[in-house]
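*Asks:* Here the numbering used here = 1-based position in the sequence shown + 8.
The following block contains the structure, expressed as structure tokens.
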Amino acid sequence: MGFAIFFVSCEPTVKNDAIVFFNDFESTNMDNIVGGKLMNYNGNQVIGNYFDDGFSMAMDDLPEHNYITISFDLFIHDSWDGNLSYPAGPDWWLMLVDGQSIIETTFSNGICNALWCIQQSYPQNGWRMNDPKTGAFKTDLPLLCYYSELSNGTSIYKISKTVGHSGRKLEVRFFDRLTQPIPNDICDESWSLDNLTLKTLTLN
Numbered sequence: 009m010g011f012a013i014f015f016v017s018c019e020p021t022v023k024n025d026a027i028v029f030f031n032d033f034e035s036t037n038m039d040n041i042v043g044g045k046l047m048n049y050n051g052n053q054v055i056g057n058y059f060d061d062g063f064s065m066a067m068d069d070l071p072e073h074n075y076i077t078i079s080f081d082l083f084i085h086d087s088w089d090g091n092l093s094y095p096a097g098p099d100w101w102l103m104l105v106d107g108q109s110i111i112e113t114t115f116s117n118g119i120c121n122a123l124w125c126i127q128q129s130y131p132q133n134g135w136r137m138n139d140p141k142t143g144a145f146k147t148d149l150p151l152l153c154y155y156s157e158l159s160n161g162t163s164i165y166k167i168s169k170t171v172g173h174s175g176r177k178l179e180v181r182f183f184d185r186l187t188q189p190i191p192n193d194i195c196d197e198s199w200s201l202d203n204l205t206l207k208t209l210t211l212n
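Right under this line is the structure:
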């Protein structure tokens, strides 16, 4: 008697996908953006910079889908203090999809040595203990405000999140909860964003 063994994959398959929004912010087009402002950084135009603030992407009439993927480049400028306690930190960054927290994490551009390490939560959410700049795509970009010709002041993170979603409307909020008691806060630590992409997917 012979036996036939079949292996069935449980991986979902993509029925269709579509890029429904993309902005590299090189023009002044701010369609679907609420609270946007533009600046030039390191030879490119980005949305930002923000301190204790942020912006939203608001979409209507999305095609049929059951998932979305949100992708972007996040620039963490200057002296983010990660998990440090008040008054220097903690320094949180958040992304909400229709009010649901998808990213809620801290970032650090601080030092890390045998004596002292200013840790961050990213790439995880919540309160985690990772070395500063963990998961960064680049860590040697210029400072934004003070001594802007110097390197190692900005880290860039390439972030992509896929989330279950099926509605025709969508709101994505990007904002921070930075802690910094000194004057001119935005020059001490801030963030900006580039290459914002929204894709809808239908997975079987």
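Glycine residues also receive a C-beta, built at the ideal position from the N, C-alpha and C atoms.
Fair warning: this is a prediction, and the values are worked out from it, not measured in the lab.
Which class does D69 belong to by DSSP, given the choice of helix, strand or coil?
*Replies:* coil
*Asks:* Going by DSSP in three states, C195 sits in which element: helix, strand or coil?
*Replies:* helix
*Asks:* Under three-state DSSP, which class holds N117?
*Replies:* Residue state, collapsed to three classes: coil.
*Asks:* Leaving aside the five residues before and after G62 along the sequence, list all residues of the same chain whose C-beta is less than 6 Å from its C-beta, in chain order.
*Replies:* The beta carbon of G62 sits closer than 6 Å to those of F182 and F183, all from its chain and outside the five residues before and after it, given in chain order.
*Asks:* For T170, which beta-bridge partners are listed by DSSP?
*Replies:* By DSSP's assignment, T170 forms a beta bridge with T77.
*Asks:* I'd like to know whether the C-beta atoms of I55 and G44 end up nearer to each other than 7 Å.
*Replies:* yes
*Asks:* Could you check whether L186 and E197 sit closer than 7 Å to each other, using their CB atoms as the reference points?
*Replies:* yes
*Asks:* Does the Cβ of N117 have 16 or more other Cβ atoms within 10 Å, making it buried, or fewer, making it exposed?
*Replies:* buried
*Asks:* Classify K141: buried if its beta carbon has 16 or more other beta carbons within 10 angstroms, exposed otherwise.
*Replies:* buried
*Asks:* From the DSSP output, which residues share a beta bridge with S249?
*Replies:* Because the chain is modelled from 9 through 212, residue 249 falls outside the range shown and cannot be assessed.
*Asks:* Could you pull out every residue in the same chain whose Cβ sits closer than 7 Å to the Cβ of D20, ignoring the five residues on either side in sequence?
*Replies:* Correcting the residue type first, residue 20 is Pro in the shown sequence and not Asp. If we look at P20 and ignore the five residues flanking it on each side, its Cβ neighbours are L211 and N212.
*Asks:* Note down, in chain order, each residue of its chain lying with its Cβ closer than 7 Å to the Cβ of G172, except the 5 sequence neighbours on either side.
*Replies:* N74 and Y75
*Asks:* Around the Cβ of D106, are there at least 16 other Cβ atoms within 10 angstroms (buried) or fewer (exposed)?
*Replies:* Burial call: exposed.
*Asks:* Taking the alpha carbon of C195 as the point to measure from, which residue in G161, G134 and Y165 has its own alpha carbon closest?
*Replies:* When C-alpha distances from C195 are compared across G161, G134 and Y165, the shortest belongs to G161.
*Asks:* Determine which residues share a DSSP beta bridge with A96 and list them.
*Replies:* The beta-bridge partner set that DSSP reports for A96 is empty.
*Asks:* Is T21 helix, strand or coil by DSSP?
*Replies:* Here T21 sits in coil by DSSP.
*Asks:* From the DSSP output, which residues share a beta bridge with C125?
*Replies:* For C125, which the question treats as bridged, DSSP gives the partners C120.
*Asks:* For K23, tell me which candidate among L151, E72 and Q108 has the shortest Cα-Cα distance.
*Replies:* E72
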